[in-house]
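So the first sequence is numbered by this note's numbering: it starts at 1 and just counts up by one.
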Amino acid sequence: MKEQIEEIFRQALAGAAGAGELAAPADIDIVVEKPKDEKLGDFSSNLALVLSRAAQKNPRDLAGMLAEHIPVGEGGVESVSVAGPGFINLKMSRGFYRERLKQVVAEGERHGYAPAPKNQKVLLEFVSANPTGPLHVGHGRGAAVGDCLGRLLKVAGYDVRTEYYINDVGNQMNILGRSTWLRYRELLGRPSGEFPEDHYQGDYIMDIAREIEKGHGGDFLDRSEEEVLPFFRKTAANWVLGGIKKDLGDFRVHFDNWFSEQTLYDDGSVDRALNWLRERGFVYDKDGAVWLKSSAFQDDKDRVVVKQSGEQTYFCSDIAYHQNKIERGFTRLIDLFGADHHGYVPRMKAVMEALGYDRSVFHAILVQFVTLKRGGEKVQMSTRSGQFITLSEVVAEVGVDVARYFFLMRGSDTHLDFDLELAKAETPENPVYYIQYAHARICNIFITARQQSVAWPPAGEVDLSPLAEDEEFTLIKKILAFPEVVEKSAQALEVHRVPHYLHELVAVFHGYYKRYRVVTEDGPRTLARLFLLEALRITIQNGLAIMGISAPEKM
RNA sequence: GCGCCCAUAGCUCAGCUGGAUAGAGCGACGGUUUGCGGAACCGUAGGUCGGAGGUUCGAGUCCUCUUGGGCGUACCA
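Now the structure itself:
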């Protein structure tokens with residue numbers, strides 16, 4: 001739809017230039033938007049304001065001149081006006097909107113999808129939590145935002161793959177293994193002293209130990225720690241990772257790929273990346289360690305990639321990992337980070353440059369913390385003591401739809417208060433139900449229609465001319481705005497725009513529903529209104545699908 | 001100290017990459033249904049967009065300074 005409107009303005013510009021009223025302008029981006037006040041028109045362009053300086057003309061005069069070149073009565077244009085400092089406003093005919101509405105229903109599940117695929121292969125990495133314990137609420141937000149962004153980008157025409165990077169290397173894994181080993185010994189009555197404070201305290205460690213005991217009994221008791229640790233590490237990691245996969249699956253988050261950090265060491269990728277950088281002088285030795293010259297690429301300072309101990313840092317394998325992403329053909333890398341990792345962004349951008357790519361290829365999305373509340377009271381959490389609310393607990397309490405909605409409803413770079421009591425409440429305070437209720441309500445109207453023997457869905461073409469109320473056109477316009485919402489939120493990588501849009505959309509509907517009856521004695525009008533509601537229902541369903549939230553027919 | 005993020009109605013937040021008179025939900029107050037689900041609808045009150053400059057036709061949005069909060073500033077991941 002937007003393209004059509006832009007074309008109208010482009011023609012006007014060409015017309016004015018052709019008539020010699022204006023120097024033929026250089027390639028210019030035509031910006032079309034909707035006026036704030038519906039009375040001003042349906043579409044508006046600031047074309048004259050933008051051109052006024054170059055044309056050395058007063059923007060209002062310029063606007064008036066351009067407006068002359070817009071053919072009223074053609075292409076759905078009902079009237080043209082100039083307003084304010086020089087906006088050109090278009091009012092479209094009702095026939096134009098009725099036709100557009102038919103298209104929405106014809107598109108069905110594809111309403112909102114980009115008309116053409118974008119030529120971009122995007123790798124979207126998110127969650128990527130260490131497999132050292134269950135996912136907590138903060139991970140849940142990252143999972144919801146990442147998953148939604150993946151769905152959104154696909155709808156917007158990007159070729160997207162989602163990926164979970166498993167940090168299965170490093171000291172944390174050793175501590176996980178050792179924690180399990182110690183619990184195992186406790187379990188069998190052979191504790192080796194106090195359980196260390198810096199080890200994993202959570203109950204799940206004991207569960208893993210119990211699992212091992214069940215399978216192997218006391219087989220490991222009389223063997224040295226060095227000997228058994230690899231087994232405990234691997235078993236614990238697999239157990240934890242299995243739990244993470246299950247929790248994410250239950251949360252409707254499915255990754256296209258699970259990428260193990262270990263494989264980057266196994267196949268020599270890490271060494272290869274390091275050598276490559278060293279040959280180009282971006283890696284050097286100092287103080288017995290190896291450094292990346294990231295300061296040459298706008299990072300605050302150089303970063304250690306190989307410690308004095310000879311051990312590679314996490315950052316080191318991350319270089320190889322991101323190189324690997326590019327080598328797999330991705331042209332755009334999006335990583336979701338917890339807000340506490342924001343300091344990591346400049347060095348990743350530096351890595352991209354050092355590797356010979358444009359720094360803008362890498363894009364980080366920061367996801368701020370979640371404060372869990374219960375009836376206004378903050379729920380205290382502490383990772384160290386193992387006292388934290390897990391994602392699966394939250395999902396079990398409030399349900400997947402609600403949890404996802406709450407995680408998605410705010411811009412990801414603002415702190416989020418997640419109140420469990422509010423989330424559970426089936427009240428107007430709960431926006432999830434507000435939207436889902438609209439969908440259920442529409443479905444119920446369809447049932448009523450069928451009960452009253454209205455042929456629905458209709459066999460042939462529906463005459464939409466009975467649609468005549470202002471509210472009906474407000475609703476149609478809102479429905480037609482959906483593709484643009486998708487496009488813009490994908491472009492801005494801001495998922496919260498989708499729930500906001502749906503809330504607005506559905507608010508228009510609830511008002512309309514209250515005021516007008518759909519199924520009446522007036523057959524043609526009933527059909528036309530049912531048709532309108534079908535377009536609306538499709539839009540709600542598609543919007544909720546982008547969020548991974550169900551569109552119930554009954555509640 | 002330096003860097004990043006945030007600051008908009010009593011509360012929680014939008015504000016579409018600089019546009020027209022700054023919006024919504026909740027809370028408060030007052031209303032709405034002999035018909036499709038009241039998990040709904042309508043109305044009222046509520047603002048110097050933290051503050052001060054600047055950029056221009058035009059700033060909540062961009063720049064500088066400043067105040068208050070969050071986070072970071074590892075040879076941890």
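Quick reminder that beta carbons are idealized off the backbone N, C-alpha and C, glycines included.
Can you give, in chain order, each stretch of the alpha helix (DSSP H) that sits fully within the region 282-360 and has at least 4 residues?
Those alpha helix (DSSP H) runs which fall completely within the region 282-360 and span 4+ residues are 314-327 and 345-354.
Quick one, are the C-beta atoms of valine 370 and glycine 138 less than 9 Å apart?
Contact flag set, yes.
I think glutamate 163 touches leucine 336, with their Cβ atoms under 8 Å apart; what is that distance to the nearest whole Å?
The pair is not a contact, with the Cβ atoms about 11 Å apart (cut-off 8 Å).
Which runs of the beta strand (DSSP E) fall wholly inside the region 148-226 and span at least 3 residues, in chain order?
The qualifying runs are 159-166.
Identify the residues that DSSP records as bridge partners of tryptophan 258: which are they?
According to DSSP, tryptophan 258 bridges with Tyr164.
Among the residues of its own chain, which have a CB less than 6 Å from the CB of lysine 349, if the five just before and after it don't count?
Only Arg359 and Phe362 meet the Cβ criterion.
If distances are taken between C-alpha atoms only, which option among Ala455, Asp147, Ala156 and Asp256 comes closest to proline 115?
If we check each option's Cα against that of proline 115, Ala156 comes out closest.
So, do the region 133-149 and the region 178-185 have three or more beta carbon pairs nearer to each other than 8 Å?
Taking 8 Å as the limit for Cβ pairs, the verdict is that the region 178-185 does not touch the region 133-149.
Please confirm whether valine 485 and valine 498 have their CB atoms less than 9 Å apart.
Contact flag set, yes.
Quick one: grab the DSSP three-state call for arginine 252.
Coil.
Excluding the 5 residues flanking alanine 438 on each side, which residues of the same chain have their C-beta closer than 7 Å to its C-beta?
Only Val506, Phe509, His510 and Ile540 meet the Cβ criterion.
Can you tell me which of the three DSSP states asparagine 130 falls into?
Of the three classes helix, strand and coil, the one that applies to asparagine 130 here is coil, per DSSP.
Less than 9 Å separating the beta-carbons of leucine 229 and glycine 177?
Yes; because the gap between Cβ atoms is below 9 Å, this pair is in contact.
Using 8 Å as the threshold, is the region 279-296 in touch with the region 223-243, meaning 3 or more CB pairs across them?
Output reads no: the region 223-243 does not touch the region 279-296.
In its own chain, which residues sit with a C-beta less than 7 Å from the C-beta of aspartate 247, not counting the 5 before and 5 after it?
Correct list, in chain order: Pro134, Leu135, Leu391 and Ser392.
Taking tyrosine 165 and glutamate 261 to be in contact with their CB atoms under 8 Å, please state how far apart those CB atoms are, rounded to whole angstroms.
Right, their Cβ atoms sit about 7 Å apart.
Give me the residue from Ala296, Phe473 and Tyr434 with the minimum Cα distance to glutamate 353.
Per the Cα distances, Ala296.
Residues in its own chain within less than 6 Å of glycine 217 by CB, not counting five upstream and five downstream?
None.
In whole angstroms, give me the CA-to-CA distance for lysine 307 and threonine 313.
Roughly 7 Å between the two C-alpha positions.
For leucine 13, which of helix, strand or coil comes out of DSSP?
DSSP places leucine 13 in helix when its eight states are reduced to three.
Between the alpha carbons of alanine 339 and alanine 425, how many angstroms are there, rounded?
Approximately 29 Å between the Cα atoms of the pair.
Less than 9 Å between the beta carbons of arginine 589 and isoleucine 30, yes or no?
Since the first residue shown for the chain is 1 and the last is 555, residue 589 is missing from the structure and cannot be characterised.
Suppose you measure from the CA of arginine 100 to the CA of phenylalanine 282; what does that come to, to the nearest Å?
Computed Cα separation, rounded: 56 Å.
Between the C-alpha atoms of leucine 66 and leucine 149, what's the straight-line distance to the nearest angstrom?
Going from the Cα of leucine 66 to the Cα of leucine 149 covers about 40 Å.
If you check the beta carbons only, do alanine 320 and alanine 273 fall under 9 Å apart?
Yes. Within cutoff.
Tell me the DSSP bridge mates of alanine 83?
Beta-bridge pairing links alanine 83 to Phe87.
Take the Cβ of glycine 76 as the centre, count every other Cβ of all protein chains shown within 10 Å, and call the residue buried at 16 or more, exposed below.
So glycine 76 ends up on the buried side.
For leucine 62, which option in Glu78, Gly84 and Glu461 has the closest C-alpha, if you only look at C-alpha atoms?
Among Glu78, Gly84 and Glu461, the Cα nearest to that of leucine 62 is on Gly84.
How is lysine 102 classed by DSSP in three states: helix, strand or coil?
Three-state result, lysine 102: helix.
Kindly list the residues whose CB is nearer than 8 Å to the CB of glycine 329, restricted to its own chain and excluding five residues on each side of it in sequence; keep chain order.
Excluding residues within five positions, the ones whose Cβ falls inside 8 Å are Lys121.
Run through the DSSP bridge pairs and tell me what serine 45 is partnered with.
In DSSP, serine 45 forms a bridge with Val32 and Ile88.
Check whether the region 466-481 touches the region 509-528, counting contact only when three or more Cβ pairs, one atom from each stretch, lie closer than 8 Å.
Yes, the region 466-481 touches the region 509-528.
My understanding is that lysine 373 touches phenylalanine 418, with C-beta atoms under 8 Å, so please give their C-beta distance in whole angstroms.
Yes, they are in contact, since the Cβ atoms of lysine 373 and phenylalanine 418 sit about 7 Å apart, within 8 Å.
For asparagine 58 and lysine 325, what's the separation of their Cα atoms in angstroms?
So the two alpha carbons sit approximately 52 Å from each other.
What does a CB cutoff of less than 6 Å around serine 45 pick up in its chain, not counting 5 residues either side in sequence?
Contacts found: Phe9, Val32 and Ile88.
Would you kindly report the start and end of the unbroken alpha helix (DSSP H) that includes alanine 396?
From DSSP, the alpha helix (DSSP H) with alanine 396 extends over 391-398.
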